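Okay, structure first, notes after.
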Amino acid sequence: MTAQALAAQLAQAVALHQQGQLDQAEALYKEILRVQPQHFDALQLLATMAVQRKDPVTAMALFDQALKISPDHPSALNNRGNALRDLNRPEEALASYEHALRLQPDYAEALANRGAALRDLERYAEALESYDRALRIKPDYALALSNRGNALRALKRPLEALASYDRALGVRPDDAQVLSNRGNALQDLKRPEEALQSFDHALKIRPDFAEALSNRGKALWDLRRPAEALASYERALQIKPDFVGAWSNRGGVLRDLMRHAEAMECFERALQLEPGNAEAHWNEALCRLILGDFAGGWVKYEWRWKKEPGLSAARNFSQPLWLGKESLAGKTILLHSEQGLGDTLQFCRYARQVAALGATVVLEVQPALKTLLQDLEGVSLVLGRGERLPDVDCHCPLLSLPLAFKVDLGNISGEPYLHSDPDKRQAWQERLGPGRNKRIGLVWSGSTGHQNDHNRSLALADMRGLLSERAEWYCLQKELRPADQATLANTPGLTFLGDSFQDFSDTAAVVALMDLVITVDTSVAHLAGAMGKEVWLLLAYSPDWRWLLGRSDSPWYGSARLFRQSAPGDWEPLLPGAACERCSA
């Protein structure tokens, strides 16, 4: 075959390749290689086809042959990087892309692919810079715009990610992948209604898009439409039975529907498919804990550090983590807060058990809790997060202490372990004046940043039916939402004290002066319980794991009484006039 005939056959093969007629193109490439085994273009194009066909092993063998012939070919190096990414070898892929870019610095596709490899390596800021370089060369590069959005989401910059996805859709308005990614950014921004619209748009274009169906399930879950969320996950799993994330999320919905046995089956299925899946381990932990299986639950709870997004960032201490195995005699240990204020208040109780092992205990907490916890039994030094830490021998996050001490339902003490400062209590007593009736503290909502806030919090308007002239009512929340501020202005008999709370030592002083605290699941519930104050806790249908199931008391707090929803979102039966009569009698 003459050189001219080979060139014509190669041109025909490339045209077929571009038209998606891969089998015909492959046959022509192989015919060329039969005649001329060292034909560079046929080798590297056949290798590129293998990448398209998700056969990276064959692709690598062909690229290596081609690059022996022409070691500095930018396109082959770029496509070889794609094969290496498919083989989960991102460091080598990055090197291949960078080799291509040294040869051709304005190679936009290689810059975008370099960004993808950096994202695989969790080097998100560098990935973003690489996408930006690609877009300076090729401003309407839709794939780079979409992947730039992914990097921005990983950097916790969802509003910018949304803008990047919208730019990509301006170029390719019917790209289902970008629409799904855009929905994820809207989820990050807590805009689930808009997210659902974006997922639905993606599914109109691509009805069998399992990832969009799973993402849609999360939006429906957030919109308190669990039955529809469950159906969306099930559709995703019909299309993609090995979809680990959908199995795990389906289990999460079943857990919220109080179908715990089915939920556990989902988590087990997810972990059969991917034994190291942190989200599935975490979801299983919550299920085991709420069922009272603390032995299995505490172990699984350690997966919280690996889930994405994490509950809190792992601390990179040089000192070793202590989980109960090593002797602490004569050592100094740092116990540190990690999640919400309520978590710190609940688990700081174990400081005295750590001290009893012969350790000097340094406790690092959120600044708002520092003053309150100064006199906590067993603690030698209390610091606020951000203060300089002393030298320590080891450390332990507060929520790992139950694992360290093998806490189970039989060894939890519900006895009080916190108290208010006498001087502050006296100052607040003078401010409130002599009590004419019972004093009742109210908390109806928590932080809007809490992942389950839409289930646990009420509006003040929902609580007004509790108020009675036979009691003095005090709002113990430090912050009010705008709608509640307007309601409070029209609610005589309810005194707001939050703007005078400097920190939780003030809250504790006021709690000490109450006869009863009525609260949803917030830090004040833990504060009142830890102080031994009578506290009535209003719980969502699917409560946080620490309140367990089917009981009106709590092993954590002997003074707590639990009132549970009988159906999702149905608070009204928990707020009857009879409750008011009893608490004000």
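So the sequence shown is numbered by the numbering used here: it starts at 5 and just counts up by one. Cβ coordinates follow ideal geometry from the N, Cα and C atoms, glycine included. Predicted model only: the values in this text are computed from it and were never measured.
According to DSSP, which residues form a beta bridge with residue 500?
Locating residue 500 in the sequence shown gives position 496, where the first residue counts as 1. Residue 500 is bridged to 479.
Is the distance from the Cβ of residue 122 to the Cβ of residue 131 below 8 Å?
The sequence position of residue 122 within the sequence shown is 118, counting from 1. The sequence position of residue 131 within the sequence shown is 127, counting from 1. Contact flag set, yes.
Could you tell me whether the Cβ atoms of residue 71 and residue 80 are closer together than 8 Å?
As a position in the sequence shown, residue 71 is number 67, starting the count at 1. As a position in the sequence shown, residue 80 is number 76, starting the count at 1. The answer is yes: Cβ separation under 8 Å.
Which term fits residue 181, buried or exposed, when burial requires 16 or more other beta carbons within 10 angstroms of its beta carbon?
As a first step, residue 181 is located in the sequence shown; it is residue number 177 there, counting from the start. Label assigned to residue 181: buried.
Determine, using beta carbons only, whether residue 217 and residue 200 come nearer to each other than 8 Å.
By 1-based counting over the sequence shown, the position of residue 217 is 213. By 1-based counting over the sequence shown, the position of residue 200 is 196. Not a contact, by the Cβ cut-off of 8 Å.
According to the Cβ coordinates, are residue 507 and residue 375 closer than 8 Å?
Position 503 of the sequence shown holds residue 507. Position 371 of the sequence shown holds residue 375. Yes, Cβ-Cβ distance for residue 507 and residue 375 is below 8 Å.
Among 97, 341 and 545, which one has its Cα closest to the Cα of residue 390?
The residue labelled residue 390 in the question sits at position 386 within the sequence shown. Of the candidates 97, 341 and 545, the one whose C-alpha sits nearest the C-alpha of residue 390 is 341.
Mind pulling the alpha helix (DSSP H) runs of 4 or more residues that sit fully within the stretch 64-117?
78-90 and 94-107, all fully within the stretch 64-117.
Rounded to the nearest angstrom, what separates residue 176 and residue 203 at their Cα positions?
Mapped onto the sequence shown, residue 176 falls at position 172. Mapped onto the sequence shown, residue 203 falls at position 199. Each residue's Cα considered, the two are about 16 Å apart.
Leaving out five residues before and five after residue 21 in sequence, what residues of the same chain have Cβ atoms less than 6 Å from its Cβ?
For the purposes of this step, residue 21 is taken as the residue at position 17 of the sequence shown. Closer than 6 Å at Cβ, skipping near neighbours: 29.
Just mark residue 280 as buried or exposed, buried being the case when its beta carbon has 16 or more other beta carbons within 10 Å.
Along the sequence shown, one-based indexing puts residue 280 at 276. Classification for residue 280: exposed.
According to DSSP, is residue 601 helix, strand or coil?
What the structure shows of the chain is the stretch from 5 to 589, and residue 601 is not part of that stretch, so it cannot be assessed.
Can at least three beta-carbon pairs, one atom from the stretch 287-299 and one from the stretch 258-266, be found at a separation below 8 Å?
With the cut-off at 8 Å, the stretch 287-299 and the stretch 258-266 touch.
Please list, in chain order, all residues of the same chain as residue 189 whose beta carbon is under 7 Å from its beta carbon, the five residues on each side excluded.
Counting from 1 along the sequence shown, the entry for residue 189 is found at position 185. Hits under 7 Å: 153, 157, 162, 165, 166 and 169.
Find the nearest neighbour of residue 590 within the set 248, 228 and 254, judged by alpha-carbon distance.
With the chain represented from 5 up to 589, any question about residue 590 goes unanswered, as that position is not in the structure.
Nearest by alpha-carbon distance to residue 3: which of 357, 308 and 361 is it?
Given that the chain is displayed from residue 5 to residue 589, the structure contains no residue 3 and the question cannot be resolved.
Can you tell me the Cα-Cα spacing of residue 429 and residue 514, whole angstroms?
The residue you call residue 429 lines up with position 425 of the sequence shown. The residue you call residue 514 lines up with position 510 of the sequence shown. Cα-Cα distance, rounded: 7 Å.
Based on the DSSP output, what are the partners of residue 368 in its beta bridges?
For the purposes of this step, residue 368 is taken as residue 364 along the sequence shown, with counting starting at 1. Answer is 340 and 387.
Can you tell me which of the three DSSP states residue 141 falls into?
Start at 1 with the first residue of the sequence shown, and residue 141 comes out as number 137. Three-state DSSP puts residue 141 in a helix.
Counting beta carbon pairs with one atom in the stretch 472-480 and one in the stretch 553-567, are three or more of them shorter than 8 Å?
They do not touch, by the three-pair rule.
Could you tell me whether the stretch 490-502 touches the stretch 413-427, using the rule of 3 or more Cβ pairs below 8 Å?
Flag = no, the stretch 490-502 and the stretch 413-427 do not touch.
According to DSSP, is residue 524 helix, strand or coil?
Numbered from its first residue, the sequence shown carries residue 524 at position 520. Three-state DSSP puts residue 524 in a strand.
Does residue 4 come out as helix, strand or coil in the three-state DSSP assignment?
Given that the chain is displayed from residue 5 to residue 589, the structure contains no residue 4 and the question cannot be resolved.
To which residues of the same chain is residue 48 closer than 6 Å at the C-beta, ignoring the five residues directly before and after it?
To locate residue 48, count along the sequence shown from 1; it is residue 44. Within the same chain, residue 48 has close Cβ partners 70 and 80.
Taking the beta strand (DSSP E) that residue 444 falls in, what are its first and last residues?
In the sequence shown, residue 444 corresponds to position 440, counting from 1. Per DSSP, residue 444 belongs to the beta strand (DSSP E) from 442-447.
Going by DSSP, which residues form a beta bridge with residue 399?
Taking the first residue of the sequence shown as 1, we reach residue 399 at position 395. Bridge partners of residue 399: 325 and 338.
According to DSSP, is residue 567 part of a helix, a strand, or is it coil?
As a first step, residue 567 must be located in the sequence shown, where it is residue number 563. Reduced to three states, the DSSP call for residue 567 is strand.
Pick from 577, 434 and 290: whose alpha carbon is nearest that of residue 548?
Taking the first residue of the sequence shown as position 1, residue 548 is located at position 544. It is 290 whose Cα lies nearest to the Cα of residue 548.
Measuring straight from C-alpha to C-alpha, what distance separates residue 384 and residue 558?
Within the sequence shown, numbered from 1, the residue matching residue 384 stands at position 380. Within the sequence shown, numbered from 1, the residue matching residue 558 stands at position 554. Their backbone Cα atoms lie some 29 Å apart in a straight line.
My output table needs one value for residue 411: the three-state DSSP class, helix, strand or coil.
Start at 1 with the first residue of the sequence shown, and residue 411 comes out as number 407. Correct three-state label for residue 411: coil.
Should residue 38 be labelled buried (16 or more other beta-carbon atoms within 10 Å of its own) or exposed?
The count along the sequence shown starts at 1 and reaches residue 38 at position 34. Classification for residue 38: exposed.
Please classify residue 231: is it buried, with 16 or more other beta-carbons within 10 angstroms of its beta-carbon, or exposed?
Counting from one through the sequence shown, the residue named residue 231 turns up at place 227. Residue 231 is exposed by the Cβ-count criterion.
For residue 91, I'd like the list of residues in its chain whose CB is within less than 8 Å of its CB, leaving aside the five on either flank, ordered along the chain.
For the purposes of this step, residue 91 is identified with residue 87 of the sequence shown, where counting begins at 1. Result list for residue 91: 60, 61 and 64, in chain order.
Helix, strand or coil for residue 582 per DSSP?
As a first step, residue 582 must be located in the sequence shown, where it is residue number 578. Its pLDDT being 36, under 50, residue 582 is placed unreliably in this model, and the coordinates cannot settle the point.
Give a yes or no on whether the C-beta atoms belonging to residue 424 and residue 534 are separated by under 8 Å.
Residue numbering aside, residue 424 sits at position 420 when the sequence shown is read from its first letter. Residue numbering aside, residue 534 sits at position 530 when the sequence shown is read from its first letter. No, Cβ-Cβ distance for residue 424 and residue 534 is not below 8 Å.
Under DSSP, the alpha helix (DSSP H) around residue 363 begins and ends at which residues?
Against the sequence shown, residue 363 aligns to sequence position 359. Where residue 363 is concerned, there is no enclosing alpha helix (DSSP H), given that its DSSP letter is neither H nor E.
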